[in-house]
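Chains as they are written, first to last, in the working numbering: chain X, 4 to 62; chain S, 14 to 262; chain L, 8 to 225.
All C-beta atoms in this analysis are idealised placements derived from N, C-alpha and C, irrespective of residue type, glycine included.
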Amino acid sequence: MPDLGKYAEAVLSSYAISLGLIVALVVLSVLRARKVKAQLAEVEARGKTGGKAQEQADG
Amino acid sequence: MSSIWEYANPKKFIATTDRLLPWVSALALGLMVLGLVWGFFFTPDDFRQGSTVKIIYIHVPSAMMAINAWAMMLVASLVWIVRRHHVSALAARAAAPIGAVMTVIALATGAIWGQPMWGTWWEWDPRLTSFLILFLFYLGYIALWSAIEDDDTAADLTSILCLVGSVFALLSRYAVNFWNQGLHQGASVLRAGALAGDTEERVSNVFATPLFISMAGFLMLFIALVFLRTQTEIRARRMRALLARERMQ
Amino acid sequence: MIALLMRDLKLAIRAGGGFGLGLAFFLIVVVLVPFGVGPNSGLLSKIAPGVLWLGALLACLLSLDRIFALDWEDGSLDLLATAPLPLEAIVSVKALAHWLTTGLPLVLAAPVFAILLNLPTAGYGPLVLSLLIGTPALSVIGTFGAALTVGLKRGGLLLSLLVLPLYVPTLIFGAEMARRSIEGLNAQTSLLMLAGITCAVIALLPFASAAVLRVNLR
C-alpha cells in the first residue's frame, strides 16, 4: 500500500466510487444480456413448435 | 467483398461480436488493471498535488470516454438516418448509459479532486459545468428512448435529438467558457487538454505511461460494453417483434 | 400561413391558458425568490436579471406542451401535415404564435416585475432588449421539444428534461448581457451571440422540428 498522506481519503474514495460504478454498469449489462438471451430463446422455441420458420427473415 | 456494412446485418453483428467479445473484454480488464495498479501503486506523488494526482488515472480516461461515447452516438445516429441500419440505432441506444456513467465518474472524481486542491467540492468552472450539461443531455436522450414504444419512431426521434443536442452541447461549451473563465486551467497543472499535445511539457512520463494504458483500457471497456449491450438490444428488439407476431396470430 | 397564425392566436386567447397562466407563473416565481434568499435589497438587485430571465424561461416552458397537444388530439395536426403548406412553415408559425402569446407578454411584464426585485435603473433597457432577442429562441427550441414529445401521454416532464439543456446557451448569453450592462461592462459580445443564436435557431431548427413531427405522424 503506498503512502497516500493526507489526501488518502480523496484518492481512495474516488477510486472506490469509480470502480463501484463501473462494476455496477458491467454487472447490470451482463445480467440484462443473459436475461434477454434466455427470454429470446424461449420465445423462439415457442415459435418453432408453432410451426413458423419465417422469423429468419426478421431484420 | 467484405464491406463494413455487412455488420449491419444483426445476425452477422452478433456472430462477429460474440467472437470478439472475450478478447476485447480480456484486453479491457488487462489494460485497466495494469494502468490503474501502475498508477496507484508505482507512481510518485506530484510535488504540488501530493497523492491526489493518482485520481488522474480515472478522471481523465472517464472524461475522455464521456465525450467519445457521445461522438460515437452521433456517428451511429447519422448512419441510422442515412442508411437505416437497425444495428446502428441500437448501438447508439446501447452506448448512452455507458456515456452517462462515464460522465458521472468524471464529475465525481473531479469534485473529490477539487475538494483538497481548490478547497471546494463544486466550482462552476467551465469544464465541470459543461460536463454537467453533457450529463443532462445523456439523461434526456435515455429518457426519450425509453418513453417511446415503437422502435423505429424512437430511433428516428433520438437520432435527431442527438444531432440537435450535439450542436447545442458544443454551443453550451463555448457559452459556459465565456460565462466563467474558471479554475481548471490555472489551478490544475495536469489539465486534460494538455495530454494530447504537450504531454512531455506538462505531465512527466512517469505519470503519462500508466495514464495512456488506463485510457486504452477504458476505451476497450467501452467497446466491450457497447458490443454486449448492442447484442442485448438486438435480441430485445427481435423478441418484441416475435411477441407482436404471436399476439397477431 | 397568416390564417393559421390567426387561428392559433384566437384559440390561445379564447382558451385563456397561455396568456394568463404564463404571466401568473412568472409573477409567482419573482415573488417567491425573495422568500427564498431573504429580503436584502442589495442582493436582490444583484440577482434580479438572472431571476427574471429564469422566471421567463420557466414560464415559457410551462406552455410548450400546448403547442401541438390540442391539434394532435383532435386530428387537425394530420390535416395540417397534408395541407399544401410545408410542415417547416407550419412549425415556424406555431413557434411564432407561441412567442406572441407567451414570450411577448413576458417581455412586456419583465420591467414591471423588475421593480419587485430592485433592478438598477440602468438594467431596464438591456434586460428588456435581451429578453426581446432571446425569447424567440426559447419558443423555437421549445417547439422542437414539443414536436419530439407530441405523441406521448406523459410528455410534460420529458419535455422539460429535453428542452432545458437546449436552453442553456440562450440563458447564459441573455442573462450575461443584462448583468454586464448593469455592471457597466462591455455587453456587446453577449448581445451579438444572443442574436446569433436566435437567428440560427429560427433559420435551422424548424427543419428538425418538421422532421420529428413527420416521424411522429407516421
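Simplified DSSP assignment, three categories, for residue i
i, result
"L/V219", "helix"
"S/W126", "helix"
"L/L126", "coil"
"S/A119", "helix"
"X/Q42", "helix"
"S/R97", "coil"
"L/L192", "coil"
"S/E136", "coil"
"S/G112", "helix"
"S/R106", "helix"
"L/G158", "coil"
"X/R35", "helix"
"L/R225", "coil"
"S/M252", "helix"
"S/M228", "helix"
"L/M8", "coil"
"S/Q262", "coil"
"L/A210", "helix"
Boundaries (first-last residue) of the alpha helix (DSSP H) holding residue i
i, result
"L/Y131", "Y131 to L155"
"L/H105", "L94 to H105"
"S/G178", "D164 to W192"
"S/L147", "P139 to A160"
"L/R187", "G162 to I189"
Any non-hydrogen atom of the ligand ATP closer than 6 Å to residue i Cβ
i, result
"L/A76", "This structure lacks the ligand ATP, and indeed carries no ligand of any kind."
Please specify which runs of the beta strand (DSSP E), each continuous and at least 3 residues long, are wholly inside the stretch 45 to 86 of chain S, giving them in chain order. Whole beta strand (DSSP E) segments, 3+ residues: zero.
Taking one C-beta from the stretch 61 to 80 of chain L and one from the stretch 89 to 106 of chain L each time, how about it: are there three or more such pairs within less than 8 Å? yes
Are the stretch 158 to 166 of chain L and the stretch 206 to 213 of chain L touching by the rule of at least three beta carbon pairs closer than 8 Å? no
Mind the definition here: the stretch 43 to 55 of chain S touches the stretch 77 to 85 of chain S only if three or more C-beta pairs lie below 8 Å; say whether that holds. Contact between the stretch 43 to 55 of chain S and the stretch 77 to 85 of chain S is absent, with fewer than three C-beta pairs closer than 8 Å.
If we require 4 or more residues per run, which alpha helix (DSSP H) segments fall completely within the stretch 13 to 91 of chain L? 24 to 44, 48 to 69, 73 to 80 and 83 to 89
On the three-pair Cβ rule with 8 Å, is the stretch 127 to 143 of chain L touching the stretch 185 to 198 of chain L? yes
Does the stretch 93 to 103 of chain L come close enough to the stretch 56 to 63 of chain L that 3 or more CB-CB pairs lie under 8 Å? no
Taking contact to mean at least 3 C-beta pairs separated by less than 8 Å, is the stretch 114 to 125 of chain S in contact with the stretch 139 to 150 of chain S? Yes, they touch.
Three or more C-beta pairs closer than 8 Å, one from the stretch 99 to 110 of chain S and one from the stretch 235 to 250 of chain S: is that the case here? yes
Pair every Cβ in the stretch 136 to 148 of chain L with every Cβ in the stretch 153 to 169 of chain S, then say whether three or more of these pairs are closer than 8 Å. no
Touching or not, the stretch 227 to 242 of chain S and the stretch 24 to 44 of chain S, by the rule of three or more beta carbon pairs under 8 Å? yes
Examine the Cβ distances between the stretch 131 to 140 of chain L and the stretch 191 to 201 of chain L and report whether three or more of them are shorter than 8 Å. yes
Three-pair Cβ contact test at 8 Å for the stretch 72 to 79 of chain L versus the stretch 29 to 49 of chain L: no
If contact is defined by three or more beta carbon pairs under 8 Å, each pair taking one atom from either stretch, is the stretch 144 to 153 of chain L in contact with the stretch 39 to 47 of chain L? no
Evaluate contact between the stretch 29 to 37 of chain X and the stretch 123 to 130 of chain S, counting only Cβ atoms and requiring at least three cross-stretch pairs below 8 Å. In the pairwise beta carbon analysis, the stretch 29 to 37 of chain X is classified as not touching the stretch 123 to 130 of chain S: fewer than three pairs are separated by under 8 Å.
Does the stretch 175 to 193 of chain S come close enough to the stretch 224 to 239 of chain S that 3 or more CB-CB pairs lie under 8 Å? no
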